[in-house]
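**Student:**
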Amino acid sequence: MSLQFHTVPVTPFQQNCTLLWCDDSLRAAVVDPGGDLDKILAAVEERGLKLEKILLTHGHLDHVGGTAELSKRLQLPIEGPHEDDAFWIEQLSLQTQMFGFPPVETFTPDRWLQQGDTVTVGGEELEIHHCPGHTPGHVILFHRPGNLALVGDVLFAGSIGRTDFPKGDHDTLIRSIQEKLWPLGDEVRFIPGHGPMSTFGRERQTNPFVADKRFG
Ligand SMILES: [Zn+2]
Ligand SMILES: [Zn+2]
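Okay, so the sequence shown: first residue is 7 according to the numbering used here, each after it adds one.
The following block contains the structure:
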């Protein structure tokens with residue numbers, strides 16, 4: 007029994023919407039359905055998955071824009087992000103205007119997530135780590151048995167999340183990466199919110215923003 011994943015880039019921002027499923031039961035979660043629901047649902051159908059929930063890393067439009075519609079269409083509960091991102095979700099219509107997206111409905115998550123929580127996908131369990139900085143309520147998902155993390159816009163291959171949005175903070179983001187991500191282990195592979203996968207170990211070596219050598 008193990009956790010499988012498939013990434014579907016969505017929206018003009020090519021956000022890595024990720025399907026996670028338990029290969030035992032084919033029960034699945036969709037993480038960060040930012041939009042392009044037809045693409046996401048085609049990938050679900052192709053694999054014969056049974057969607058059981060929506061998981062959200064943070065409240066930015068390119069990550070949550072398709073949530074209300076998908077949740078309504080398939081009666082899926084919404085888990086995440088941390089409640090400190092409620093203001094982003096409440097301002098979804100403002101975000102669509104800012105980025106020139108078609109209007110989307112807002113929503114209220116069925117469950118806000120906190121540091122130390124766990125979420126399930128079929129028979130698999132993932133840890134929740136609260137990683138503020140890019141947004142104050144950003145969470146990451148960690149599957150310990152598979153050494154796989156979904157880190158949203160906290161960390162990218164070769165870069166880190168922007169911190170010039172309201173309630174963003176650079177020092178807080180660096181601390182989240184060093185104190186919440188690195189202790190999970192160098193060998194952890196991660197799916198970022200945008201761009202290719204990497205490992206924490208590789209970023210600690212080469213990422214110009216958070217490589218260990220920058221901090222002595
Ligand atoms: Zn973001
Ligand atoms: Zn993003």
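In this text, a Cβ means the ideal position worked out from N, Cα and C, and glycines have one as well. Fair warning: this is a prediction, and the values are worked out from it, not measured in the lab.
Please determine whether the Cβ atom of H200 lies at a distance below 6 Å from any heavy atom of ligand 1.
**Tutor:** no
**Student:** Just to confirm the assignment, what range does the alpha helix (DSSP H) spanning Q120 have?
**Tutor:** First-last for Q120: undefined, no H or E at that position.
**Student:** When the Cβ atoms of the region 139-155 are set against those of the region 182-196, are three or more pairs found closer than 8 Å?
**Tutor:** yes
**Student:** Could you check whether the region 131-149 touches the region 106-120, counting it as contact only if at least three pairs of C-beta atoms, one from each stretch, sit closer than 8 Å?
**Tutor:** yes
**Student:** Could you pull out every unbroken beta strand (DSSP E) segment of at least 3 residues lying fully inside the region 13-42, listed in chain order?
**Tutor:** Fully enclosed beta strand (DSSP E) runs of 3 or longer: 21-28 and 33-37.
**Student:** Between the Cα of L132 and those of G139, D123 and E89, spot the shortest distance and give me the residue it belongs to.
**Tutor:** D123
**Student:** To the nearest angstrom, how far is it from the Cα of V194 to the Cα of F107?
**Tutor:** Distance between the alpha carbons of V194 and F107: 34 Å.
**Student:** Kindly indicate which three-state DSSP category H66 falls into: helix, strand or coil?
**Tutor:** coil
**Student:** CB T63 to CB G158, shorter than 7 Å?
**Tutor:** yes
**Student:** Tell me whether V145 sits in a helix, a strand or coil according to DSSP, three-state version.
**Tutor:** strand
**Student:** Kindly examine ligand 1 and report whether one of its heavy atoms sits closer than 6 Å to the Cβ of H66.
**Tutor:** yes
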